[in-house]
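In what follows, a structure is listed as structure tokens, so that the remarks can point back to it.
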Amino acid sequence: MTTRRRLTGLWQRFRAEEWLLPLIGAALFVASFVPSLQGEGTMLGGVPDRPFDALALVAISLQSAPLALCRRWPVAALALVALGFAVDQLLGYHTIAGTALPLALVAAAFYTERHRRAIAAVCSVAYVVLALALSQVGAGESPAGWIAFYGALVLAWGIGAWLRAVRIAEAEHRRRVAEETRTAERTRIARELHDVVTHHVTAMVVQAEAARYLTAAPERLDQTLDAITDTGRRAVTDLRHLLDLLNPDHGTGTRTPPVGRVLPLVEQTRRAGQPVEFTEEGTPAASTGSADLVAFRIVQEGLTNALKYAHGAPTRVRLCHGEGEITVEVETDGEGGSPGFTEGSGRGLAGLRERVEVLGGEFSAGPRAAGGFLVRGRIPAKGAA
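And the structure:
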């Protein structure tokens with residue numbers, strides 16, 4: 013974390029923006045009555061010093077008190093401070109409260125939403141009027157002095173405008189980050205829905221198509237219909253699990269690791285008419301982050317594609333739990349690679365590749381030299397959740 017971010021965090025944590033200017037205003041009010049600081053403020057126009065009287069209290073109050081209003085009414089606060097400064101200089105009090113003028117300019121440039129150029133122009137005209145008035149009642153000021161003081165006021169306005177631009181840029185950055193986060197979350201949910209729905213619906217379609225040819229074998233027809241019913245129930249269960257992930261209260265209970273559901277997934281595919289050989293090696297780790305879910309999705313996508321594009325072809329699923337990683341292979345026999353395997357909309361094999369690479373793993377999918385198709389993924393078992 014950079015120093016700037018630390019300071020920004022502390023500023024927001026202690027809500028300094030709400031109490032800092034009022035505190036400075038109160039400090040300037042008190043400091044103006046300290047004997048050693050009287051007459052030590054800004055002296056513009058060469059007006060002789062004048063002892064404090066009732067009007068001095070008015071001038072000091074007009075300069076210091078409006079700082080408490082800068083956040084809500086920045087233009088009105090600036091006008092009051094400028095009026096107090098004019099009284100202070102024209103009557104020769106020269107109080108330390110005059111420091112409030114550049115602070116009010118910074119606040120006005122920072123908080124004002126509309127008519128900013130008009131306000132800057134009015135302030136410039138007011139400065140010219142004050143300069144002319146001071147030249148009449150005082151010894152005058154050199155042109156360099158008038159220009160230098162005006163430059164200091166312009167600098168104060170510029171600082172406020174810069175701080176405002178920084179705040180707007182940071183707000184835009186936060187908005188973009190939030191939008192990108194929402195987009196990424198929607199993409200993730202879309203992929204999960206794609207994986208769940210595509211697999212189960214594909215299995216149900218294949219089973220339903222097979223059922224139409226089993227009217228002469230009631231026992232096998234009943235088994236097929238039971239398989240379709242079971243597949244539908246699994247689809248509903250998986251969809252409920254996915255929707256539970258969107259619930260803020262999700263995670264308070266226990267959940268079955270996705271790799272623990274690979275065998276039921278294989279059994280479901282077998283019942284859809286796909287000969288599948290399943291091999292599992294090693295012992296699943298207690299905590300794998302997102303690796304177990306990605307491994308499950310690779311098996312699910314591989315079996316779904318096998319049902320769709322190589323129905324009836326021998327298929328082998330190999331799941332290996334190694335030290336610090338999970339390796340998944342889904343291999344389907346056949347004559348060459350089916351074109352359907354390589355088709356991707358970004359939510360199938362292409363989506364899986366992105367998931368695996370995000371976790372720092374490796375993913376490959378393509379035809380085998382001996383024919384058929386191979387989907388393989390190696391996922392670090394301590395990937396980001």
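When we follow the working numbering, the leftmost residue of the sequence shown carries the number 13, and every step to the right adds one. Just so it is clear, CB atoms sit at the ideal spot from N, CA and C, and this is done for glycine as well.
In angstroms, rounded to a whole number, what distance separates the CA positions of residue i and residue j?
| i | j | result |
| --- | --- | --- |
| residue 341 | residue 324 | 18 Å |
| residue 129 | residue 169 | 11 Å |
| residue 172 | residue 37 | 18 Å |
| residue 52 | residue 35 | 21 Å |
| residue 81 | residue 148 | 33 Å |
| residue 216 | residue 191 | 37 Å |
| residue 143 | residue 160 | 13 Å |
| residue 131 | residue 91 | 10 Å |
| residue 127 | residue 175 | 18 Å |
| residue 362 | residue 201 | 15 Å |
| residue 163 | residue 135 | 13 Å |
| residue 85 | residue 95 | 16 Å |
| residue 140 | residue 195 | 54 Å |
| residue 70 | residue 146 | 19 Å |
| residue 273 | residue 322 | 23 Å |
| residue 167 | residue 197 | 45 Å |
| residue 180 | residue 189 | 14 Å |
| residue 376 | residue 283 | 27 Å |
| residue 32 | residue 101 | 26 Å |
| residue 187 | residue 242 | 45 Å |
| residue 205 | residue 199 | 10 Å |
| residue 220 | residue 185 | 51 Å |
| residue 365 | residue 133 | 59 Å |
| residue 183 | residue 292 | 50 Å |
Is the beta carbon of residue i less than 7 Å from the beta carbon of residue j?
| i | j | result |
| --- | --- | --- |
| residue 93 | residue 113 | yes |
| residue 464 | residue 294 | Given a span of 13 to 397 for the chain in the structure shown, any question on residue 464 remains unanswerable. |
| residue 72 | residue 39 | no |
| residue 344 | residue 384 | yes |
| residue 417 | residue 281 | A question about residue 417 goes unanswered here, because the residues of the chain that appear run from 13 up to 397. |
| residue 68 | residue 78 | no |
| residue 339 | residue 288 | no |
| residue 319 | residue 193 | no |
| residue 391 | residue 378 | no |
Give me, in chain order, the residues of the same chain whose beta-carbon lies closer than 7 Å to that of residue i; leave out the 5 immediate sequence neighbours on both sides.
| i | result |
| --- | --- |
| residue 267 | In this prediction, residue 267 has a pLDDT of 47, which is less than 50 and means its spatial position is unreliable; nothing more can be read from the coordinates. |
| residue 290 | 275, 278, 329 |
| residue 49 | 43, 108 |
| residue 351 | A caution first: residue 351 carries a pLDDT of 49, below 50, which makes its placement in the model unreliable, though a value can still be read off. None. |
| residue 97 | 75, 110, 113 |
| residue 269 | Residue confidence for residue 269 is low, a pLDDT of 48 falling below 50, so the modelled location carries little weight; the figure read from the coordinates is stated next. Only 296, 304 meet the Cβ criterion. |
From this set, the options, which residue's C-alpha is nearest residue i's C-alpha?
| i | options | result |
| --- | --- | --- |
| residue 309 | 297, 322, 329, 194 | 329 |
| residue 336 | 32, 297, 327, 88 | 297 |
| residue 137 | 126, 379, 165, 122 | 165 |
| residue 178 | 275, 199, 122 | 122 |
| residue 369 | 389, 214, 317 | 389 |
| residue 74 | 41, 125, 49 | 41 |
| residue 158 | 199, 54, 32, 365 | 54 |
In its own chain, which residues sit with a C-beta less than 8 Å from the C-beta of residue i, not counting the 5 before and 5 after it?
| i | result |
| --- | --- |
| residue 30 | 83 |
| residue 124 | 86, 87, 131 |
Can you name, in chain order, every residue of its own chain whose Cβ lies under 6 Å from the Cβ of residue i, other than the five neighbours on each side?
| i | result |
| --- | --- |
| residue 367 | 306 |
| residue 405 | Residue 405 lies beyond the residue range present for the chain, which begins at 13 and ends at 397; the question has no answer from this structure. |
| residue 393 | 297, 300, 303, 336, 337, 338 |
| residue 346 | 322, 325, 383, 384 |
| residue 76 | 37, 40, 41, 109, 112 |
Tell me whether residue i counts as near the ligand FMN, meaning its Cβ is closer than 6 Å to at least one heavy atom of that ligand.
| i | result |
| --- | --- |
| residue 118 | By its list of ligands, the structure shown contains no ligand whatsoever, and the ligand FMN lies outside what it can speak to. |
Validate contact between the region 117–137 and the region 99–106 using beta carbons, cut 8 Å, 3 pairs = Short answer: they don't touch.
Examine the Cβ distances between the region 57–66 and the region 146–155 and report whether three or more of them are shorter than 8 Å.
-> As far as the Cβ criterion goes, the region 57–66 touches the region 146–155, which means the pair count is three or higher.
Answer yes if the region 36–56 comes into contact with the region 64–75, meaning at least three C-beta pairs across the two stretches below 8 Å, and no otherwise.
-> They touch, by the three-pair rule.
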